[in-house]
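Q:
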Amino acid sequence: MSIEQFLSEQKDTILTKWFDLVLDTYPPDTAVFLKKQDNPFANPVGHTIREGMGHVLDELVRETPSGQIGVFLDNIIRIRAVQDLTPERALSFIFSLKEVVREALRTASHQPLPYDELLAFESRVDRLALLSFDIFVQCREKLYDIKANELRKMTFRLLQRVNDMDEDQEKKPDPAG
Amino acid sequence: MKILLPLFAVVALVVIAFVGVQANLQAFFGIVIPYAAVAIFIIGFIVRVFRWGSSPVPFRIPTTAGQMKSFAPWIKQNKIDNPSSRLGVFARMALEVLVFRSLFRNTKTELHDGPKLVYGSEKFLWLAGLAFHWSFLIIFVRHFRFFMQDVPTVIQIMESLDSFLQIGAPLLYLTDVVLVGAVTFLFLRRVVMPQIKFISLPADYFPLFLILGIALSGILMRYFTKVHIVGVKELVMGLLSFSPVIPAGIGSVFYIHLFLVSALLIYFPLSKLMHMGGVFLSPTRNMANNSREVRHINPWNYPVHVHTYQEYEDEFREKMKKAGLPVEKE
Amino acid sequence: MAKVTTPKPAELVTSIDLKPSAQQWMDIPTEIKPGTFCWGAKAKNLNIVEFPNARDWNPSEEDWKLPENWQEIFLTGMKNLLDKYRSFKVFMDICVRCGACADKCHFFIGSGDPKNMPVLRAELLRSVYRRYFTTSGKMLGKTAGARDLTIDVLKELWYYFYQCTECRRCSLFCPYGIDTAEITIMGRELMNQLGLNTDWISGPVANCYMKGNHLGLEPHAIMNSIEGMIDDIETITGIRINPSFNRKGAEILFVTPSGDLFADPGTFTCMGYLMLFHELGLDYTWSTYASEGGNFGFFTSNEMAKRLNSKIYAEAKRLGVKYIIGGECGHMWRVLTQYMDTWNGPADFLEVPVSPITGTRFDTSRSTKMIHITEFTADLIKNGKLKLDPSRNDDLIVTYHDSCNTSRGMGLLDEPRYIIRNVCNHFHEMPENTIREQTFCCGSGTGLNASENMELRMRGGFPRANAVKFVKDRHGVNMLANICAIDRATLSASMDYWVPGVRVTGVHEMVANALIMKGEKERETNLRGEPLPGKEGN
Ligand code: HEM
Ligand code: SF4
Ligand code: SF4
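And the structure:
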């Protein structure tokens, strides 16, 4: 059985374990809420993260990747990037996938671990990690962008007004109506 | 610790009553304490409500939970969730108090995905809350059997409905089962759900243990130890007619039961159980949303320092004139 | 890259249970983290409005430069508030900690910080209440859930009262209607007495007090700003609009949040008002003195809110208008609905609003004498007084965000929807538990729309954005309509981050785009200067 096959068969267990590890980065009281509440609108964080992780897993085992993996990762990382986590913690979830998979292989198969395949799989996860750093940085940049934008919107109009101020005095609308 | 402490407290109460009865303090536990408890309950309750009432309601701040009464008849008002009349408020309050309307709001479970269908635990909260309060109320009313010479028909009907399952002798009351079940659920919720456990205080566990203790001691009396019922009625009637007696032969379970009830009565006005009174005084629920139609008066409204138009004009007069704005003073 | 050590999964999974969940919240210290708080107020702004204990201070520094007797100030203040507000007293006493409100707060949902559960936010203050105002708390201390008011507790209170947008969503689900927003209002009032305001709030308050609006636009600047819009309107429609300012004897005074005067996309909404009123030939005037509908004073103290609000009636009286129309804004309308008349009424110098166009009498506002622009416009449309071409908005696939305040502090739900359905052809509601009275906050209300707390804003905005994303994915929604000036700014930011491709608009921008004006030239573009559907090639 190839590692891909194994992963698709074990997807649910792996996903659950993986998700649990992510939740571990939240306070336990929150973790349970994120885990138990299934309504995507009442619990968008838990829902989005779990859904995103499912897709990422699918993509990893797919023969011909759809090229969508960036989008799925983005959905997750966009959330992690504004919750108060260090980049290290925000992205560690990628690496824990390796552990989860190794562990699952260890418990599931009695034969020696398929090292070659596992290594190949792990390199794919590593590439995922690199991609994730890109996304994380983009998200953070976006935040700064938004801050700058808000400021610019304000000052833009203000500047416009100051500049217009004197030359415009004559063609003011007639205040008396 | 926050769970054990209240548990120990309730156990201690049981032990105190038990030891007291062994030490022949029946008069103390059967007369003094109940009188004191009822007095504290009544006075305490009134004082608490009076204290709330002594703070005014300066603003009309209903939480509007639906379409307001619109200027236009063709926009349909949600007359109960966003009431504009007294009747609407009455209906809103009635729904709140009788069926816990707001808690119920919580229960929509659509669009769930994943393999399992998950019901919002809030639905259970609403259900257990209702079951708990209603069975508590019914049990309370049923107790009037002990408080009256002739049992009114209403109570008889209630009793027979309550025991319609016709199981066991004496007949099993449904509400007993429901009460114990619901309280147990409410307790487990506070232990099992980390979120709820996190916010819980000893003061949240204590009343649950206490009520459970009352219920269990009552059940013990009715179904198992078979208390000397004539004696109990005699004692209660004595208390009510202010000529207390202590009939012989009432088991210690009864005194434990009575002591726990007394404890609940004393504890009531000091605690969150006062939500019973508070729910009626909650300004976000008991007010009509009509503050645009009728001016609400704030008794402590006082004049404040404002920046008047004159001051404004004084500061900007030149600029205003230059911009062609009319001014009061040239 | 930082060293990543990943323990064995099994270890990690079990470690979830081993975590000290039994730890009481009181024992978990609060750390004031960057990205989640706003800068402290500047002394000069507080001095302008005579606020106490004015000083420059920085929340991230250890020393908050509190007055020596800060505890006394806080506790006396609390006693006063308890005596003045039954709401506060009852809400301090009757919470059973059932947890129904716990997961209803957008800040909890988006951040996962348990102290953002409304019940816990309230407990932060309730624990202090118990310690100093109840017998059991005085005697039993921590066992009764009471705690001393230490400097760390004060900081924690400050931190979390500035992570609540007073949206009242929690109050909706509480079986007793306990409104954590009300508790936050009290908490901020206490902070105000210690000079612990934020810069983002106290700046606008000072501006509004002296200059009439949050932005501090002086009279000529307001006119100038509107002048710019009039130029744009002329370019688009060929019609020159000529509004009046501070004009005595006008029938109607128009007041809108000043946010609409300076920042896109609010300016487009403002253009919408101008065009609508012009088309109707409405006898109305703007005021430069009462040039702010919003009320940041409401986020500091009740008294300050009243001081700022007083200008509206005062100006209506001075100008001798008959009644007032208010623009699209959220908290402005909570204040106008539930506070204004009580503070500064009775407005007996005004008349019950009657639409001069349709003759409709707005009896539901017969005391405040102030109507919401969407009431006014919905009535016009219903009576067929507007010529509308909704197809001009055909490039928009619209959803509608209810502002917290107009939904849960007023109940204005169907009026704006009626308008939207009439001015555009593609309208889709977001899921049921995220709209109307259950609406999610934009995440940046109550003066939290600064930039230094952007992470907090994005977290708080996520539940709303998530629902928008849903309708975007399902129906291709690309425009998020609302009736709030703060929303227009903050949702723009939140969409930018969470749901790129969805833009934000005020309802009256869409009205104006659809409005066929007498004598207009054939429009090529919408108010944003983008080609109208079907005119892309031109
Ligand atoms: C007008 C009367 C009352 C109303 C409307 C009312 C309403 C409620 C509601 C809505 C809850 C929250 C849901 C729940 O946890 O069940 C609650 C909780 C509770 N009520 Fe009442 N109640 C009333 C009277 C009483 C009385 C008379 C008692 C007891 C002696 C009582 C004891 C409790 C307790 C112990 C809880 C907390 C349950 C828990 O720990 O979760 N209530 N009440
Ligand atoms: S819903 Fe109300 S009673 Fe329940 S925890 Fe929240 S505030 Fe307290
Ligand atoms: S008012 Fe809104 S922001 Fe504040 S605690 Fe309640 S839900 Fe959260």
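Chains as they are written, first to last, in the numbering used here: chain A, 1 to 177; chain B, 1001 to 1330; chain C, 2001 to 2538. The beta-carbon is built from N, C-alpha and C at its ideal position, and this holds for glycine as well.
#1: Excluding the five sequence neighbours on either side, which residues of its own chain have a C-beta within less than 6 angstroms of the C-beta of D1081 (chain B), listed in chain order?
#2: Which residues, taken in chain order from the region 2094-2113 of chain C, show a beta carbon closer than 9 angstroms to some beta carbon of chain B?
#3: Heavy atom of ligand 2 less than 7 angstroms from the Cβ of A1203 (chain B), yes or no?
#4: From the DSSP output, which residues share a beta bridge with I2325 (chain C)?
#5: Closer than 7 angstroms between beta carbons: that is the criterion. Which residues of the region 137-150 of chain A meet it against chain C?
#6: For R62 (chain A), write down the residues that DSSP places opposite it in a beta bridge.
#7: Can you find the residues in the same chain that come closer than 6 angstroms, C-beta to C-beta, to G1213 (chain B), ignoring five residues on each side of it along the sequence?
#8: Taking only the alpha-carbon atoms, compute the straight-line gap between S2391 (chain C) and I79 (chain A) and give it to the nearest angstrom.
#9: Please give the ranges of any alpha helix (DSSP H) in the region 1172-1249 of chain B, keeping only runs that are unbroken, at least 4 residues long and fully inside the region.
#10: Return the chain-ordered ranges of every alpha helix (DSSP H) run that is complete within the region 44-124 of chain A and spans a minimum of 4 residues.
#11: Between the Cα of G1277 (chain B) and the Cα atoms of C:K2065, C:Y2132, C:C2095, which residue gives the shortest distance?
#12: Should C2098 (chain C) be counted as a contact of ligand 5 given a C-beta to heavy atom distance under 7 angstroms?
#13: Okay, do the region 1196-1212 of chain B and the region 1248-1255 of chain B touch, 3+ Cβ pairs below 8 angstroms being the bar?
#14: Starting from L2480 (chain C) and walking both ways along the beta strand (DSSP E), at which residues does that stretch end?
#15: Please report the Cβ distance between G2326 (chain C) and V2423 (chain C), rounded to the nearest whole angstrom; I am assuming they are in contact, meaning their Cβ atoms lie under 8 angstroms.
#16: Among the residues of its own chain, which have a CB less than 6 angstroms from the CB of I14 (chain A), if the five just before and after it don't count?
#17: Determine the direct distance from the alpha carbon of A2181 (chain C) to that of K1002 (chain B), and round the result to whole angstroms.
#18: Sorted by chain position, which residues of the same chain lie with C-beta nearer than 7 angstroms to V2119 (chain C)'s C-beta, five sequence neighbours on each side aside?
#19: Output yes if chain C places a C-beta closer than 8 angstroms to the C-beta of L34 (chain A); else output no.
#20: If we require 3 or more residues per run, which beta strand (DSSP E) segments fall completely within the region 2274-2344 of chain C?
#21: Given a threshold of 16 other Cβ atoms within 10 Å of its Cβ, counted over all protein chains shown, does W1074 (chain B) qualify as buried or as exposed?
#22: Name the residue from B:Q1195, B:F1209, B:H1307 whose alpha carbon lies nearest to the alpha carbon of T30 (chain A).
#23: Can you pull the chain C residues whose beta carbon is under 8 angstroms from the beta carbon of R78 (chain A), in chain order?
#24: Thinking C-beta only, is D2341 (chain C) closer than 8 angstroms to Y1071 (chain B)?
#25: Cα-Cα, which of C:P2500, C:I2516, C:A2465 is closest to N43 (chain A)?
#26: Give me the Cα-Cα distance between R127 (chain A) and G70 (chain A), rounded to the nearest whole angstrom.
#27: Kindly list, in the order they appear in chain B, the residues whose Cβ is closer than 8 angstroms to that of P28 (chain A).
#28: Are the region 2270-2289 of chain C and the region 2222-2231 of chain C in contact at 8 angstroms, needing three or more beta carbon pairs?
#29: Ignoring anything shorter than 3 residues or poking outside the region 2221-2269 of chain C, list the beta strand (DSSP E) runs there in chain order.
#30: Do the region 1171-1183 of chain B and the region 1125-1134 of chain B meet, that is, are 3 or more Cβ pairs less than 8 angstroms apart?
#31: Can you tell me whether DSSP reads P2531 (chain C) as helix, strand or coil?
#32: Check L1005 (chain B) in the structure and name its three-state DSSP category.
#33: If you draw a straight line from the alpha carbon of M2479 (chain C) to that of V2504 (chain C), how long is it in whole angstroms?
#34: Give a single yes or no on whether P2029 (chain C) has its beta carbon closer than 7 angstroms to a heavy atom of ligand 2.
#35: Whether or not the region 2197-2207 of chain C and the region 2128-2139 of chain C are in contact is what I'm after, with contact meaning three or more pairs of Cβ atoms, one per stretch, closer than 8 angstroms; do they touch?
#36: Taking 8 angstroms as the CB-CB limit, is K153 (chain A) close to chain C?
A: Let me lay it out:
#1: A1065, G1066
#2: I2094, C2095, V2096, R2097, C2098, G2099, A2100, A2102, D2103, K2104
#3: no
#4: C:F2254, C:I2371
#5: K142, L143, I146, K147, E150
#6: None; R62 (chain A) has no bridge partner.
#7: V1010, L1260
#8: 37 angstroms
#9: 1174-1192, 1194-1199, 1202-1219, 1229-1240
#10: 44-61, 69-80, 87-108
#11: C:C2095
#12: Here the bound small molecules are ligand 1, ligand 2 and ligand 3; ligand 5 is not part of this structure.
#13: no
#14: 2479-2482
#15: About 20 angstroms separates the two Cβ atoms, so there is no contact after all.
#16: V100, A104
#17: 28 angstroms
#18: C2095, R2097, G2099, C2101, A2102
#19: yes
#20: 2284-2286, 2323-2326
#21: exposed
#22: B:Q1195
#23: Y2497, W2498
#24: Here residue 1071 (chain B) is Phe; the residue named in the question, Tyr, does not match the sequence. No, Cβ-Cβ distance for F1071 (chain B) and D2341 (chain C) is not below 8 angstroms.
#25: C:A2465
#26: 11 angstroms
#27: P1194
#28: yes
#29: 2252-2255
#30: yes
#31: strand
#32: helix
#33: 6 angstroms
#34: no
#35: no
#36: yes
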